[in-house]
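Numbering of the sequence shown is given in our numbering, commencing with residue 272 and proceeding in unit increments. Glycine is no exception: its CB is placed at the ideal position from the N, C-alpha and C atoms. As the structure is a computational prediction, the values presented were derived from the model and not from experiment. Worksheet: one structure, shown below.
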Amino acid sequence: MTDPRIKRTRDHVLRTAREMLAEPQGAPLTLSALAAVAQVSRRTLYVHWGTIQQVISEAVTFSREDETELVEGLAPRDILRHLLVTVRSSAQDPASNVALATMVAHAAQDPAAAAVVRNTVTESVGRFNALLGPTTLEQYSLLVGPILFAEFVGRESASDELIETLVEQGVVLLGLPVATA
């Protein structure tokens, strides 16, 4: 069982990181800057995360609720819609948007950052696996890729129509059962 003080410190640091990431034209997030604003030692950050990329990765998913209860009783099609809308919402969230863009940018030249990105993707695919059943990385990419492309390349949020198209394609791609009336 985790010490409550450790959990409070981790939560405080991740909330602070999200706030710093969401600042318009904010300075790059570094362990030193985060330690100063969160009023913790750099050693604390190194012990709990090790790298700024790991902090950023956890900051992206920090505010997510346990989805198991949220989707309980929903049809597979509706669970898929929920997951895709969650991806869109995360990409629209200022802190998550900057965090994702930062992680991908660092991954291009830093093997440690690339490992964090791969781990983040693996965890995201794991969410699909847990809630929908077996999902490959390729299937995940086909479903989530257009949402991230719209946000990060097109600089517009994925429309509801795009989400519905992806749900329709996803039902077939993942072999989800189709409800009959």
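Since R352 and I277 are thought to touch, with beta carbons under 8 Å apart, how far apart are those beta carbons, to the nearest angstrom?
-> Position 81 of the sequence shown holds residue 352. Position 6 of the sequence shown holds residue 277. R352 to I277, Cβ: 36 Å. No contact.
First and last residue of the alpha helix (DSSP H) that includes T287?
-> By 1-based counting over the sequence shown, the position of residue 287 is 16. Counting along the chain, the alpha helix (DSSP H) containing T287 begins and ends at 275-293.
Could you give the distance in angstroms between the alpha-carbon of H377 and the alpha-carbon of A401?
-> Along the sequence shown, read from residue 1 onward, the residue named residue 377 stands at position 106. Along the sequence shown, read from residue 1 onward, the residue named residue 401 stands at position 130. So the two alpha carbons sit approximately 29 Å from each other.
Beta-carbon proximity check, A370 vs I327, cutoff 7 Å | If you number the sequence shown from 1, residue 370 lands on position 99. If you number the sequence shown from 1, residue 327 lands on position 56. Against a cut-off of 7 Å, the Cβ pair of I327 and A370 comes out as a contact.
Check whether the Cβ atoms of R313 and A307 sit closer than 7 Å, and answer yes or no.
-> Here residue 313 refers to the residue found at position 42 when the sequence shown is read from its first residue. Here residue 307 refers to the residue found at position 36 when the sequence shown is read from its first residue. Against a cut-off of 7 Å, the Cβ pair of A307 and R313 comes out as no contact.
Can you give, in chain order, each stretch of the alpha helix (DSSP H) that sits fully within the region 366-414 and has at least 4 residues?
-> 382-403
Excluding the five sequence neighbours on either side, which residues of its own chain have a C-beta within less than 8 Å of the C-beta of Q325, listed in chain order?
-> Position 54 of the sequence shown holds residue 325. Cβ within range, chain order: V387.
Exposed or buried, what is P347 when buried is set at 16 or more other beta-carbons lying within 10 Å of its beta-carbon?
-> Within the sequence shown, numbered from 1, the residue matching residue 347 stands at position 76. Under this definition P347 is a buried residue.
Excluding the 5 residues preceding and the 5 following H283 in the sequence, name in chain order all residues of the same chain whose CB lies nearer than 7 Å to its CB.
-> Start at 1 with the first residue of the sequence shown, and residue 283 comes out as number 12. A309, listed in sequence order.
Three-state secondary structure (DSSP) at Q310?
-> On the sequence shown, position 39 is the one that residue 310 refers to. Note: Q310 maps to coil in three-state DSSP.
Would you mind working out which of E290, V342, E294 sits nearest F333, comparing C-alpha positions?
-> Locating residue 333 in the sequence shown gives position 62, counting from the first residue. The shortest Cα separation from F333 among E290, V342, E294 belongs to E290.
Could you have a look at Q325 and say whether DSSP puts it in helix, strand or coil?
-> In the sequence shown, counting from the first residue as 1, residue 325 sits at position 54. In this structure, Q325 counts as helix in the three-state DSSP scheme.
In this structure, does DSSP put T301 in helix, strand or coil?
-> Counted from its first residue, the sequence shown places residue 301 at position 30. In this structure, T301 counts as coil in the three-state DSSP scheme.
Measure the alpha-carbon distance for A298 versus A304 and round it to whole angstroms.
-> Taking the sequence shown and counting its residues from 1, one reaches residue 298 at position 27. Taking the sequence shown and counting its residues from 1, one reaches residue 304 at position 33. About 9 Å.
Between the Cα of T437 and the Cα atoms of W320, A330, G416, which residue gives the shortest distance?
-> Taking the first residue of the sequence shown as position 1, residue 437 is located at position 166. This sequence places Leu at residue 437; Thr is not what is there. Ranked by Cα distance from L437, the first of W320, A330, G416 is G416.
Beta-carbon proximity list for L345, same chain, < 8 Å, skipping 5 on both sides | Start at 1 with the first residue of the sequence shown, and residue 345 comes out as number 74. Same-chain partners within the cutoff: H353.
Please determine, among V311, T301, H319, the residue with the shortest C-alpha to C-alpha distance to T273.
-> The residue you call residue 273 lines up with position 2 of the sequence shown. When only C-alpha atoms are compared, the closest one is H319.
Is it true that the CB of L292 sits closer than 7 Å to the CB of A366?
-> Walking along the sequence shown from the start, residue 366 turns up at place 95. Walking along the sequence shown from the start, residue 292 turns up at place 21. Yes; because the gap between Cβ atoms is below 7 Å, this pair is in contact.
By DSSP, does E343 sit in helix, in strand, or in coil?
-> Along the sequence shown, one-based indexing puts residue 343 at 72. Of the three classes helix, strand and coil, the one that applies to E343 here is coil, per DSSP.
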